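Chemist: First, the structure itself, so that you have it in front of you.
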Amino acid sequence: MKNLEKNFIFLQVGLLLIGLLLSWFYATHQILTGDQTQMIYKGYMAAYKDIWIDYGNAASTVGNVPGSMMTYVVALPLMIFDSPMSPMIVIFFLHLCAYFLLDNVIKDIFTTEIRVAFLILYWLNPWLLFEDILYNPSYLFFFSALHIWSAYKQREKSSFFYSMLHVLAIGFAMQFHYSWILLPIISLYLMYKKIVKVDWFGVAFGFVIIGISLIPYIETVMKNSAITHHVDDTGRYIGWGGVHVYPVLKSFLYWLRYGSFFFPNKLIASAHFEWLSDVHMVQIFFTYLYRAIVFSVGAVSLYFSYKANRYFYELIKGRITTRKDAVKNKEEWLFFYVIGALIAVFISSIISPIVFGYWHLILIFPFALIPILIYMRDKAAKYMPKALIAIAVYFIFINIMGAVDSRKYSISTDYVKDTKAYIQRSIQTP
């Protein structure tokens with residue numbers, strides 16, 4: 124224990140560097156699709172031509188994401204250093220900030236062993252690193268972390284500053300992805316449970332900042348209301364998920380998957396090993412061998428995630444909806460925050476007009492790890508050191524494979540070169 128505490132900083136720095144190297148490897152091999160080109164176009168139009176597009180990426184059935192933030196996070200880095208990697212460095216930085224915000228909460232509640240477990244399960248996790256790509260969900264991890272950190276800081280005493288940050292976490296998340304609705308639902312649950320103290324002046328000031336940031340978007344909508352509608356409107360409506368069983372069940376399954384190693388199919392089911400050999404039978408052999416490994420490990424870990432969440436529920440059942448029992452300690456406060464995240468998944472899946480993919484709920488990924496940490500501490504503590512080493516090695520392997528051969532990444536792709544070619548075709552560069 125003492126040795127671990129003494130050496131934690133070295134372990135932390137080492138693992139953070141490994142994660143950043145994997146992030147860079149991912150980013151440089153991302154395959155350009157419409158997700159990235161929407162943001163690249165907005166950013167380069169602003170940086171090169173001073174034409175600022177005041178709305179975000181097109182979303183399924185509900186039009187473009189409101190606000191200008193997606194333009195700014197690409198354009199401003201380009202204006203500082205003209206390279207396609209500049210906006211990616213912003214994503215790396217935000218991921219790093221998110222980790223430190225989350226770790227600040229974890230270290231105040233748990234022992235050093237759990238901090239190490241969270242460092243590995245979060246920072247090296249393919250659920251996180253697979254999003255080292257230039258599209259809007261990649262930014263959401265930061266807002267998740269800012270949301271829980273600012274709420275945790277107000278569990279006993281209200282604060283103008285933290286209340287403002289809490290609102291900003293919600294409001295700026297809204298300008299990146301429609302899944303932002305998850306965050307205010309969690310906030311409302313914390314207020315319902317009376318386990319967060321709110322400074323209403325801070326809340327009001329946060330709303331003012333968000334409102335000011337949305338003025339250019341509102342002006343644009345007044346001139347062109349078409350950006351609030353999707354051209355491929357399927358006829359679905361708000362509340363569509365509530366009249367169908369599958370969307371809600373699938374959303375809860377994603378909660379279990381976030382705590383498991385059953386990663387996105389775009390990561391684990393798209394490898395074909397064409398880079399390894401020109402011989403078709405060799406490609407087939409390694410493709411099925413790889414799938415056998417990742418799906419077997421995924422299935423076992425999914426069962427582990429189910430057991431962890433069932434154990435977590437047993438610890439807190441009977442107190443989920445009651446308001447009369449005070450929170451006993453910091454750990455229990457975190458438990459209720461996690462319950463708030465689960466409730467947010469349930470409500471958002473009901474009101475959603477679409478069936479969620481994994482990226483629609485990625486905001487709650489960090490919170491889905493908490494039941495896993497609790498279960499490892501209480502039920503598998505003696506196996507934790509060796510298990511964490513094995514998990515770290517497995518994560519690194521999966522991440523390398525994901526960057527080399529998956530739906531979003533390829534070893535034969537050069538992101539910088541492809542981006543420059545796209546800009547030459549789409550924008551008359553200076």
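Residue numbering for the sequence shown follows the working numbering, beginning at 124 and increasing consecutively. All C-beta atoms, glycine included, are put in the ideal place defined by N, C-alpha and C. This one's a predicted model, so the numbers in the text were calculated from it and none came from an experiment.
What residues in its chain sit with their C-beta under 8 Å from that of Thr151, if we drop five residues either side in the sequence?
Modeler: As a working note, residue 151 is residue 28 in the sequence shown. Excluding residues within five positions, the ones whose Cβ falls inside 8 Å are Met208, Asp537, Tyr538 and Val539.
Chemist: What is the DSSP secondary structure of Ala449, counted as helix, strand or coil?
Modeler: Here residue 449 is taken as the residue at index 326 of the sequence shown, counted from 1. Reduced to three states, the DSSP call for Ala449 is coil.
Chemist: Okay, do the stretch 233 to 240 and the stretch 268 to 278 touch, 3+ Cβ pairs below 8 Å being the bar?
Modeler: The stretch 233 to 240, when compared against the stretch 268 to 278, does not touch it at the 8 Å Cβ threshold.
Chemist: Let me know if Arg548 comes out buried or exposed under the rule of 16 or more other beta-carbons within 10 Å of its beta-carbon.
Modeler: Start at 1 with the first residue of the sequence shown, and residue 548 comes out as number 425. Exposed: under 16 other Cβ atoms inside 10 Å.
Chemist: Is the stretch 255 to 262 in contact with the stretch 296 to 303, if contact means three or more CB pairs nearer than 8 Å?
Modeler: Judged by Cβ distances under 8 Å, the stretch 255 to 262 makes contact with the stretch 296 to 303, as three or more pairs qualify.
Chemist: How do the stretch 470 to 487 and the stretch 367 to 375 stand: do at least 3 beta-carbon pairs fall below 8 Å, yes or no?
Modeler: With the cut-off at 8 Å, the stretch 470 to 487 and the stretch 367 to 375 touch.
Chemist: Among Pro210, Phe215, Tyr245 and Leu217, which residue has its Cα nearest to the Cα of Asp226?
Modeler: Position 103 of the sequence shown, counted from the start, is the residue given in the question as residue 226. Checked all of Pro210, Phe215, Tyr245 and Leu217; the closest Cα to Asp226 is Tyr245.
Chemist: Who are the Cβ neighbours of Val385 in its own chain at under 6 Å, not counting the five residues just before and after it?
Modeler: The count along the sequence shown starts at 1 and reaches residue 385 at position 262. Here residue 385 is Phe; the residue named in the question, Val, does not match the sequence. So the qualifying residues of the chain are Gly421 and Leu425.
Chemist: Pop quiz: Thr194 and Ile176 are said to be a contact at Cβ under 8 Å. What is the actual Cβ separation, rounded to whole angstroms?
Modeler: Taking the sequence shown and counting its residues from 1, the one referred to as residue 194 is at position 71. Taking the sequence shown and counting its residues from 1, the one referred to as residue 176 is at position 53. Correct: roughly 5 Å between the Cβ atoms.
Chemist: Measuring alpha carbon to alpha carbon, tell me which residue in Leu247, Ile514, Trp250 and Ser310 is nearest Gln277.
Modeler: Within the sequence shown, residue 277 is the residue found at index 154, counting from 1. When each option's Cα is compared against that of Gln277, the closest is Ser310.
Chemist: By the three-class DSSP mapping on this structure, what secondary structure does Leu379 have?
Modeler: Stepping through the sequence shown from its first residue, residue 379 is reached at position 256. Three-state result, Leu379: helix.
Chemist: In this structure, does DSSP put Val188 in helix, strand or coil?
Modeler: To locate residue 188, count along the sequence shown from 1; it is residue 65. Strand at Val188.
Chemist: Enumerate in chain order the residues of its own chain whose CB-to-CB distance from Ser281 is below 7 Å, with the five nearest sequence positions on each side excluded.
Modeler: Looking up residue 281 in the sequence shown gives position 158. Hits under 7 Å: Lys320, Val321 and Asp322.
Chemist: Could you name the residues that DSSP lists as bridge partners for Ala181?
Modeler: Position 58 of the sequence shown holds residue 181. Answer by DSSP bridge pairing, in chain order: Asn187.
Chemist: Spell out the partners DSSP gives Tyr532 in its beta bridges.
Modeler: Translated into positions along the sequence shown, residue 532 becomes position 409. Answer is Gln153.
Chemist: Using only the alpha-carbon positions, how far apart do Arg286 and Val527 sit?
Modeler: For the purposes of this step, residue 286 is identified with residue 163 of the sequence shown, where counting begins at 1. For the purposes of this step, residue 527 is identified with residue 404 of the sequence shown, where counting begins at 1. In the sequence as displayed, the identity of residue 286 is Ser instead of Arg. If I take the Cα positions, the gap works out to 42 Å.
Chemist: Starting from Thr235, trace the alpha helix (DSSP H) both ways and give me its first and last residue.
Modeler: Working through the sequence shown from its first residue, we reach residue 235 at position 112. Per DSSP, Thr235 belongs to the alpha helix (DSSP H) from Thr235 to Phe241.
Chemist: Helix, strand or coil, according to DSSP, for Asp356 in the structure here?
Modeler: Within the sequence shown, numbered from 1, the residue matching residue 356 stands at position 233. Interpretation of Asp356 is limited by its pLDDT of 49, a score under 50 that renders its predicted location unreliable; no figure is taken from the coordinates.
Chemist: So what's Val539 in DSSP terms, helix, strand or just coil?
Modeler: Here residue 539 corresponds to residue number 416 of the sequence shown, with the count starting at 1. Helix at Val539.
Chemist: Please report the straight-line C-alpha distance between Ile550 and Leu305, rounded to a whole angstrom.
Modeler: Reading the sequence shown from its first residue, position 427 is the one you call residue 550. Reading the sequence shown from its first residue, position 182 is the one you call residue 305. Ile550 and Leu305: Cα-Cα distance of roughly 36 Å.
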